[in-house]
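Sequence positions in the sequence shown follow the working numbering and run 655 to 1055.
Structure first, then comments.
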Amino acid sequence: MNAFRLLMAVPVLAFSIACQAAPLLKEPPARKARLQLVTNKFISPVALGVPGDGSGRLFICQKEGKVWLIQNGQVAAQPFLDVSSEMVKINPGYDERGLLGIAFHPRFKQNKKFYVYYSVPSNTAGSNHKSRISEFTVSASNPNVADPASKRVIMEIEQPESNHNGGDLVFGPDGYLYIGLGDGGGGGDKHGTIGNGQNLNTLLGKILRIDVNGNPYNVPKDNPFVGKPNVRPEIWAYGLRNPWRISFDKATKRLFAGDVGQNKYEEVDVITKGGNYGWRIIEGYHDFNVPAGADKSKLIAPIDEYSHDLGISVTGGYVYRGKALPALKGNYVFGDYNGKSWVLVQNGSKWERADLELEGRPAEGLQILSWGEDEAGELYMLCSSSTSEGFKGSVYKLVGF
């Protein structure tokens, strides 16, 4: 999960155009919100899911392997799901493996199905572990507990390194499951001759789109690479390094991704069908490892980039569509692992970044691990803090003053 201003023309512009010097934009005024503590009982909360059933429940993925349920501000006494016995053993303080994502079926109210992404051991030579996506069903006798016997493995992906797992799961407005996958880890995407990000015959470094109503899944017929030789048809977009948190805007249906940079630049992208976001050819707007004779004209530039003078690892968020914070309406809220937070505001064909000032931040060092959105469109910040007693994880709700 490793993490300027300025911004670019809309992402459909060719990279050669998008990389021309852009005019300096007047920095918009800072937005403000207040952090309201929901719970501090987790070590490393990395994903938040909601079932869309009107219950108001929040489901928090603890990286160590448990999903916890929060209802009416209270954490349930027992985990909703525990997959830790299947997983590789991790260090919650710094490991990028673990239980990383959760998504509820669009028809969850009827079929009680949900999906989780987690790291399991691999026996394959050259593989560090496997990323597993499994389907579970809620227990027939208790709506607040999953049935472990209902597990159905949807997909497994071999991972050559321990880092750059991505791991986010989101259902799109089309009812399909979108999956964010990192480039396989290490540094510089040194996988094969062109790197995993540009290799269309691997799922790594991609956004995938699948239909979970299959055995184990189906590939939608309108995926951009269906029927093409030596190309994985599950791919929706490619050229990503480590998409750490992806989300759909409820109003515009656009898919946003925070893509973690190598060692200089972090970026935010709007993901489009068949789009190539450039890694490892480019990092942000900048050349990184450009092959001789490479055509960069079709690479899609980010809508925002910032340097490591400002942050270290982007944490993608959400376009705000709630009611509690009207000043944030339509703004893309995101942050960085170093604790800084911002919004992106679209101004015509350009995007402007403004600080997001959060009152009620803990005094100790804050690491933003993830963001979440409830059924009403209100936002949550999932973070950990370094204290004298070690790591302390917290979930906060963004509220007004």
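Glycine is no exception: its CB is placed at the ideal position from the N, C-alpha and C atoms.
Within the same chain, show all residues whose beta-carbon is closer than 8 Å to that of residue i, passing over the 5 residues directly before and after it, in chain order.
{"i": "G826", "result": "Y832, R863, F902, K907, L909"}
{"i": "P677", "result": "Annotation note: pLDDT 46 at P677 (below 50); position unreliable, coordinate value reported separately. Cβ neighbours of P677 beyond the five flanking positions: none."}
{"i": "E810", "result": "V774, K784, S785, R786, I787"}
Please state the DSSP three-state secondary structure of residue i.
{"i": "K1087", "result": "Since the first and last residues shown for the chain are 655 and 1055, residue 1087 lies out of range."}
{"i": "N765", "result": "helix"}
{"i": "C673", "result": "Summary for C673: the model assigns pLDDT 47, below 50, so the residue's position carries little reliability; its value from the coordinates is reported in the next sentence. Coil at C673, not helix or strand."}
{"i": "Q852", "result": "helix"}
{"i": "G980", "result": "Gly is not the amino acid found at residue 980; the sequence shown has Pro there. P980 falls in the helix class under three-state DSSP."}
{"i": "S804", "result": "strand"}
{"i": "E810", "result": "strand"}
{"i": "Y830", "result": "coil"}
{"i": "N777", "result": "coil"}
{"i": "F1055", "result": "coil"}
{"i": "Y939", "result": "coil"}
{"i": "F790", "result": "strand"}
{"i": "L857", "result": "coil"}
Report all residues from its chain with a CB closer than 6 Å to the CB of residue i; omit the five preceding and five following residues, and keep chain order.
{"i": "D822", "result": "G755, G834, R899, I900"}
{"i": "H942", "result": "Reading off the sequence, residue 942 comes out as Phe, not His. Result list for F942: R934, I936, in chain order."}
{"i": "K763", "result": "D707"}
{"i": "G1047", "result": "F696, I697, S698, P699, S1038"}
{"i": "K1051", "result": "Q690, V692, Y1034"}
{"i": "I724", "result": "L712"}
{"i": "A701", "result": "C715, G755, I756, S1024"}
{"i": "G928", "result": "P878"}
{"i": "V666", "result": "Only weak support is given to the placement of V666: the predicted model assigns it a pLDDT of 41, under 50, and the value that follows is read from those uncertain coordinates. So no residue of the chain qualifies."}
{"i": "V1053", "result": "R688, Q690, A978"}
Note down, in chain order, each residue of its chain lying with its Cβ closer than 7 Å to the Cβ of residue i, except the 5 sequence neighbours on either side.
{"i": "S738", "result": "E718, G719, K720"}
Could you work out which residue in the options is closest to residue i when comparing CA atoms only?
{"i": "Q690", "options": "G1014, S1039, L1036, Q1021", "result": "G1014"}
{"i": "I925", "options": "E812, G912, K784", "result": "G912"}
{"i": "N817", "options": "G752, R761, H759", "result": "G752"}
{"i": "I1022", "options": "I811, G971, Y772, N985", "result": "G971"}
{"i": "G829", "options": "F790, F758, T856, V880", "result": "F758"}
{"i": "K790", "options": "N796, F768, K983", "result": "The amino acid occupying residue 790 in the given sequence is Phe; Lys does not appear at that position. It is F768."}
{"i": "P683", "options": "E1018, V914, L982", "result": "L982"}
{"i": "A978", "options": "F1055, Y771, G868, V997", "result": "F1055"}
{"i": "D949", "options": "P878, R886, Q852, P797", "result": "Q852"}
{"i": "V880", "options": "G893, L854, A905", "result": "L854"}
{"i": "W890", "options": "D865, V914, A905", "result": "D865"}
Which first and last residues belong to the beta strand (DSSP E) in which residue i is found?
{"i": "P945", "result": "Careful: P945 lies outside any beta strand (DSSP E) and carries neither H nor E."}
{"i": "N917", "result": "Counting along the chain, N917 falls outside any beta strand (DSSP E), and DSSP gives it neither H nor E."}
{"i": "T693", "result": "685-696"}
{"i": "Y986", "result": "986-990"}
{"i": "F758", "result": "755-758"}
Exercise for the section: Please determine if the region 946-965 and the region 1019-1035 are in contact, where contact requires at least 3 C-beta pairs separated by less than 8 Å. Expected result: No, because fewer than three Cβ pairs between the region 946-965 and the region 1019-1035 fall closer than 8 Å, the two stretches do not touch.
Practice task
Report yes or no: do three or more beta-carbon pairs, one from the region 773-789 and one from the region 722-733, lie closer than 8 Å?
Solution key: The answer is no - the region 722-733 does not touch the region 773-789, with fewer than three Cβ pairs under 8 Å.
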